[in-house]
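Written below as structure tokens is the structure these notes are about.
There are 2 protein chains.
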Amino acid sequence: MAALLTPESPLFSRAHTRTWETVGEGVRRQVLTHDPGTMLVKVAFDRGGIGSRHQHVHTQMTYVESGVFTVSIGDEKRVLQAGDSFYVPSEAWHGVECIEAGVLLDVFSPARTEFL
Amino acid sequence: MAALLTPESPLFSRAHTRTWETVGEGVRRQVLTHDPGTMLVKVAFDRGGIGSRHQHVHTQMTYVESGVFTVSIGDEKRVLQAGDSFYVPSEAWHGVECIEAGVLLDVFSPARTEFL
Numbered sequence: 289m290a291a292l293l294t295p296e297s298p299l300f301s302r303a304h305t306r307t308w309e310t311v312g313e314g315v316r317r318q319v320l321t322h323d324p325g326t327m328l329v330k331v332a333f334d335r336g337g338i339g340s341r342h343q344h345v346h347t348q349m350t351y352v353e354s355g356v357f358t359v360s361i362g363d364e365k366r367v368l369q370a371g372d373s374f375y376v377p378s379e380a381w382h383g384v385e386c387i388e389a390g391v392l393l394d395v396f397s398p399a400r401t402e403f404l
Numbered sequence: 289m290a291a292l293l294t295p296e297s298p299l300f301s302r303a304h305t306r307t308w309e310t311v312g313e314g315v316r317r318q319v320l321t322h323d324p325g326t327m328l329v330k331v332a333f334d335r336g337g338i339g340s341r342h343q344h345v346h347t348q349m350t351y352v353e354s355g356v357f358t359v360s361i362g363d364e365k366r367v368l369q370a371g372d373s374f375y376v377p378s379e380a381w382h383g384v385e386c387i388e389a390g391v392l393l394d395v396f397s398p399a400r401t402e403f404l
């Protein structure tokens, strides 16, 4: 089944084999799996951790696995918690502030190769 | 900011506004957010729930939010648990069996419009 393997990601990824990178105060990132078109990334926030407002060409879909976050997209803002999700269109300004420690799952399209 | 809205998904999606669909015995699916290129789907499994082996043109990235699953891709098989992930190349045969009740987050590219 070697033909199924991609150069970017193994078929199966154990959590403990994926490295965590500190990307800000109280914010850590773990790239889970990716191919050129899509990237799945886990981001763990301590309370008070901030994802500063930024923009990128990639679309972003985010699932709140745990915790509570204030999420801003464009000029809209919501408080989201476990089970909620949000969608960031290409080039839209967005950011998050962590109110209660938790984890976000981000899906980027295409892959954010600068994370590798 | 109306220009930011996509016809498919709102910017913010509360968990309670997303409908659950029973897709098999002990298996329920909730489409979280999507655009034409990508779809984020939550699938909740009772113990013993099965995602029968199947294939599709879409690539699939899956994150194990909770529970324990036997995952087969092609002729490889692993037992995965919370925090693990897997990658299904386009057209690869794959399936899951739920050993302990839990939740999978599936990312499909392009969107699986038949889920809508």
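First to last, the protein sequences are chains A and B.
Whatever position you read off the first sequence (first residue = 1), add 288 for my numbering.
Whatever position you read off the second sequence (first residue = 1), add 288 for my numbering.
Note that the Cβ used here is the ideal one computed from N, Cα and C, for glycine as well.
Please read these numbers as outputs of a predicted model, since none were measured by experiment.
Residue i: first and last residue of the uninterrupted beta strand (DSSP E) it sits in
i: A/Phe403; result: Unbroken run through A/Phe403: none, as it is neither H nor E.
i: A/Gly390; result: 382-397
i: B/Glu309; result: 309-312
i: B/Gly339; result: 338-342
Residues near residue i in its chain [Cβ-Cβ closer than 7 angstroms; skip 5 each side]
i: A/Glu388; result: Arg335, Gly355, Val356
Any chain B beta carbon closer than 7 angstroms to residue i
i: A/Val395; result: yes
i: A/Asp405; result: Chain A is shown from 289 up to 404; residue 405 of chain A falls before or after that span and cannot be answered.
i: A/Arg317; result: no
i: A/Arg341; result: no
i: A/Ser301; result: yes
i: A/Leu392; result: no
i: A/Ser354; result: no
i: A/Leu328; result: yes
i: A/Thr310; result: no
C-beta neighbour in chain A for residue i, strict 7 angstroms
i: B/Gly337; result: no
i: B/Thr305; result: no
i: B/Ile361; result: yes
i: B/Ser378; result: no
i: B/Leu320; result: yes
Residues bridged to residue i [DSSP beta-bridge criterion]
i: B/Glu366; result: Before going on, a small fix: residue 366 of chain B reads as Arg here, not Glu. For B/Arg366, which the question treats as bridged, DSSP gives the partners B/Val359.
i: A/Gln318; result: A/Lys330
i: A/Val376; result: A/Gln348
i: B/Ser301; result: A/Ser373
i: A/Asp323; result: A/Thr326
Buried versus exposed, by CB contacts within 10 Å (16 or more), residue i
i: A/Thr305; result: exposed
i: B/Thr350; result: buried
i: B/Thr401; result: exposed
i: B/Thr310; result: exposed
i: A/Ala290; result: With a pLDDT of 42 at A/Ala290, under the threshold of 50, the modelled position of this residue cannot be trusted; read the value that follows with caution. So A/Ala290 ends up on the exposed side.
i: A/Leu392; result: buried
Own chain, CB closer than 6 angstroms to residue i, minus 5 neighbours either side, in chain order
i: B/Val319; result: Val329, Phe403
i: A/Val367; result: Thr358
i: A/Ile338; result: Glu385
i: A/Ala370; result: Val352, Ser354
Contacting residues, own chain, Cβ-Cβ under 8 angstroms from residue i (five flanking each side not counted)
i: B/Trp308; result: Arg316, Arg317, Gln318, Ala332
i: B/Val345; result: Ser378, Glu379
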